[in-house]
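Novice:
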Amino acid sequence: MHPCLRCGACCAYFRVAFHWSEADASLGGVVPPELAETLDPHRFVMRGTQASRPRCVALHGTVGETAHCGIYEQRPSVCREVEPAWESGRPSLQCDKARVAHGMSPLTLADWQAVPQHA
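The sequence shown runs 692 to 810 under our numbering.
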């Protein structure tokens, strides 16, 4: 199983801000606009990610156990840019920081050995 499918730490740690056009279907945006709110004149933010204890409204499940993005194919570009640590053979400070904040160890190369495409 992909490590992100039991993690969800980044979705419950970072504010998810993105250009408003990503939620405007007439401009090719795919983010469901009902899941976002205005941050400033140029950006929207995913609901729940501005809270003192952030948790994206699109996150389903329990962080660290079974968590996944409910709009994975429609997620904002900023979410697409977060790279899980070591998935591509490189560390990811964002991934590590979110995991540690939720009491999980950072990912290692060994975490990817059981994933079919990385075995």
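For every residue, glycine included, the Cβ atom is placed at its ideal position computed from N, Cα and C.
Who pairs with residue 750 in a beta bridge, going by DSSP?
Specialist: DSSP lists 760 as partners of residue 750.
Novice: Going by DSSP in three states, residue 707 sits in which element: helix, strand or coil?
Specialist: coil
Novice: Straight-line CA distance for residue 716 to residue 701?
Specialist: 26 Å
Novice: Consult DSSP for residue 725 and reduce its assignment to one of helix, strand or coil.
Specialist: helix
Novice: What does the Cβ neighbour count give for residue 810, buried or exposed, with the cut at 16 atoms within 10 Å?
Specialist: Only weak support exists for where residue 810 lies, its pLDDT of 49 falling under 50; the coordinates are left without a value.
Novice: Output the boundary residues of the beta strand (DSSP E) element that contains residue 734.
Specialist: 734–737
Novice: Just to confirm, are residue 783 and residue 792 a CB contact at a threshold of 8 Å?
Specialist: no
Novice: Helix, strand or coil for residue 782, going by three-state DSSP, please let me know.
Specialist: coil
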